[in-house]
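These notes concern the structure reproduced below.
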RNA sequence: UCCUCCUUAGCUCAGCAGGUUAGAGCAACUGACUGUUAAUCAGUAGGUCCUUGGUUCGAGCCCAAGAGGGGGAGCCA
């Protein structure tokens, strides 16, 4: 009774009674017999049900794409081409009809935009079920990798009173009655009367709390939802996304790079080894999408080829300064094809990153040692540098087609130096608990943040981040 | 938030220079067909042409504002 369609399709003993349950993908009828393909999410493949037209006349009238069936019958070697086994129905129970007058999905290709507007039903299609199976596999592989490598799963808070990290606009969390806000003597909102007695927000990063974990447990990682209230409308931003943030005591920036590279290659290999059917399907979809593009914009490799390439080749590692020099010496720069000026000190624009990754190196790139001025306060400062050219041990991993997939750094562990930065930003008091890690038993340490959906985007070859999370949250969109 | 493109049947799209009954494929429905593979064939039904206002004798088409969506940019993961 617990047969999945995956297990039925792999069955070695045939001509036995069995039961299959699933949703109808398609029905084809001829005079004497109807064929119904059934899918239950256990695989991208479908099981063909063979139903006698007279015997199941009533049931067949109620069976349309999207209906849910329980079919009892005999599993036999298929008489037709296209599948190895099929189920000859002896009893069909229609568990749920899907009235075709109202059910939006049809046995045809829909646009991703249409499916996005029907996100409550899109797990029932090939593309999205494949994407979500791969998403699951990657999520599992993340836990497996860290567990196998001595990391502890560390839960940083979702609700936080800290807004010091500066990672982006925050969603406020309050239990106050917004129609009747309490005010203090000065007429400001009196947060002392709020649930936590102070203003609170949804987390934009678990990093600072992750560091606290690393300073006792050694190696930890967080993997949880993260929230940014930015008005971002792009194919690679979400207001609610999942982030993986490992934090390791005694790791310097080079250990950090070794880890992130090994980690990413492991995850991609895991997907190749465990999601072959889904990736093959997604690859066909990917190639179809690519063929619509102009010749010069088409990808040079198929999806699976691209994934294998990343697994088999080392990432390119270089410093920010080296990257700037490559950009300055490029034909793109000489022909003035860059919209934004290239010079030491700028924050690299998308076009610059894309040039480095997609045109120059044609592989993933790890950039390090960014100018201090454009990076976060907690990053470790390099020693003995020319004034005005100070750099920090930051590390960004850039992927083709995705851009920044990982941002990380070695952390500043010297109390005086870190405090100098928090003083500049007037956050020393607020972050006293964070600074305490440097006051008591400080240690060199490093970490990074991986955007989970960006990884899923890369592995599945999808083009829009809204299509790799079941229920995307973006500006003006919180349906379902 | 900025730039740009788009919105016509349940879905994907066409619609000639603004001209009278707005089309196709798929889906649905009816029927035909020796087990099909996005089956095939014949027929039927299905539309506030995103909304509002304007120009015009006349608007799916032109103009303006608004709404929704795509792509690019910024912010970043």
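Residue numbers (the working numbering): 208 to 687.
Just so it is clear, CB atoms sit at the ideal spot from N, CA and C, and this is done for glycine as well.
What you are looking at is a predicted structure, and each value in this text was computed from that prediction instead of being measured.
Boundaries (first-last residue) of the beta strand (DSSP E) holding residue i
| i | result |
| --- | --- |
| residue 277 | 275-284 |
| residue 255 | 254-259 |
| residue 621 | Residue 621 -> no beta strand (DSSP E), and no H or E assigned at all. |
| residue 298 | 292-303 |
| residue 241 | 240-246 |
| residue 491 | No beta strand (DSSP E) holds residue 491; the alpha helix (DSSP H) holding it covers 483-498. |
| residue 334 | Premise fails: residue 334 lies in the alpha helix (DSSP H), 333-355, not in any beta strand (DSSP E). |
| residue 409 | 407-409 |
Neighbour-count burial assignment, residue i, 16 or more Cβ in a 10 Å radius
| i | result |
| --- | --- |
| residue 513 | buried |
| residue 621 | exposed |
| residue 362 | exposed |
| residue 634 | buried |
| residue 208 | Model confidence at residue 208 stands at a pLDDT of 48, short of 50, so the residue's coordinates are unreliable; what they give is reported in the following sentence. Under this definition residue 208 is an exposed residue. |
| residue 237 | exposed |
| residue 632 | exposed |
| residue 453 | buried |
| residue 471 | buried |
| residue 557 | exposed |
| residue 384 | exposed |
| residue 444 | buried |
| residue 669 | buried |
| residue 342 | buried |
Simplified DSSP state of residue i, which is helix, strand or coil
| i | result |
| --- | --- |
| residue 465 | helix |
| residue 518 | helix |
| residue 666 | helix |
| residue 426 | strand |
| residue 208 | Any reading at residue 208 must be qualified, since the residue scores a pLDDT of 48, below 50, and its modelled position is unreliable; the value itself is stated next. In the structure shown, residue 208 sits in coil (DSSP, three-state: anything other than H, G, I, E or B). |
| residue 231 | strand |
| residue 502 | helix |
| residue 657 | strand |
| residue 548 | coil |
| residue 416 | helix |
Among the options, the one whose alpha carbon lies nearest that of residue i
| i | options | result |
| --- | --- | --- |
| residue 675 | 320, 664, 681 | 664 |
| residue 439 | 672, 687, 686, 501 | 672 |
| residue 167 | 215, 284, 348, 231 | Residue coverage of the chain in this structure runs from 208 to 687, which leaves residue 167 outside it and unanswerable. |
| residue 520 | 572, 548, 560 | 572 |
| residue 554 | 650, 653, 598 | 598 |
| residue 223 | 282, 684, 482 | 282 |
| residue 653 | 462, 403, 624, 398 | 462 |
| residue 618 | 499, 515, 458, 646 | 458 |
| residue 431 | 441, 414, 437, 418 | 414 |
| residue 638 | 660, 613, 369 | 369 |
| residue 272 | 448, 550, 287, 243 | 243 |
| residue 375 | 437, 216, 423, 535 | 437 |
| residue 433 | 304, 412, 320, 380 | 412 |
| residue 545 | 551, 559, 491 | 559 |
| residue 602 | 592, 561, 316, 579 | 579 |
| residue 667 | 629, 334, 251, 387 | 334 |
| residue 562 | 581, 575, 537 | 537 |
| residue 565 | 587, 503, 543 | 503 |
Any non-hydrogen atom of the ligand NAD closer than 8 angstroms to residue i Cβ
| i | result |
| --- | --- |
| residue 510 | You won't find the ligand NAD in this model; it holds no ligand whatsoever. |
DSSP beta-bridge partners of residue i
| i | result |
| --- | --- |
| residue 598 | 578 |
| residue 684 | 681 |
| residue 456 | 652 |
| residue 611 | 605 |
| residue 475 | Answer is none; residue 475 lacks a bridge partner. |
| residue 390 | 396 |
| residue 442 | Looking at the DSSP assignment, residue 442 forms no beta bridge with any residue, so it has no partner. |
The alpha helix (DSSP H) enclosing residue i, as first and last residue numbers
| i | result |
| --- | --- |
| residue 533 | 527-535 |
| residue 639 | 639-646 |
| residue 562 | Residue 562 -> no alpha helix (DSSP H), and no H or E assigned at all. |
| residue 539 | 538-541 |
| residue 319 | 319-324 |
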